[in-house]
Structures are given as C-alpha cells and as structure tokens.
Amino acid sequence: MDTDGFKDGATYDEIRDWVQEKYGIHVTNLNIAQIKRKNGIIERENYNKPKSEDSRQPEITPENEKAITEALKYFNMI
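The number in our numbering is simply the position in the sequence shown, starting from 1, with 1487 added.
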C-alpha cells in the first residue's frame, strides 16, 4: 500500500478482468507475466521454470500484448 491507502499495482486477476472488460479478450497469467517481465517488472523467481534454456513458451499475440501493456499503465505499474 502506498501512503494514501491505495494499492500500488494490481493482481493478475485484476489485470485479467480489466483486459476482459476493456478489450473483450482473455489473457492468461503467463501472458501477463511475459509482459511484466518485458517491462522490467520481476516479482520473484518462478518455481516451475522450464528445465532447459531452449524450451519454448507460447508467443503472445500483438493484440494481447497491447491490451496487457495498457492495463499495466492503467494500474500505474509502468
């Protein structure tokens, strides 16, 4: 919490719900984590990381990336 009593940032559920309401698209926690990481928001080490460096993760669509980025801006996270 910041000094005004408002929460800094948002939960994954809040981001997902905001994107659904504003853009009508579904994004996953993985999508949100990818965009947070891309914007320098690293919360903690992921316990279920891939075992090999060359393992692939599904790519996020430009539409989903834009929506999540807008949500992060809305919640003053970037």
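We treat Cβ as the ideally placed atom computed from N, Cα and C, and that holds for glycine.
Less than 7 Å divides the Cβ of residue 1502 from the Cβ of residue 1558. In the DSSP assignment, residue 1519 falls within the alpha helix (DSSP H) that extends over 1516–1525. DSSP places residue 1507 within a helical segment (H, G or I) once states are collapsed to three. Taking the Cα positions, residue 1543 is about 16 Å away from residue 1524. It is roughly 21 Å from the alpha-carbon of residue 1512 to the alpha-carbon of residue 1526. In the three-state DSSP reduction, residue 1563 falls in the coil class, being neither helix nor strand. DSSP, reduced to helix, strand and coil, places residue 1549 within a helical segment of the structure shown.
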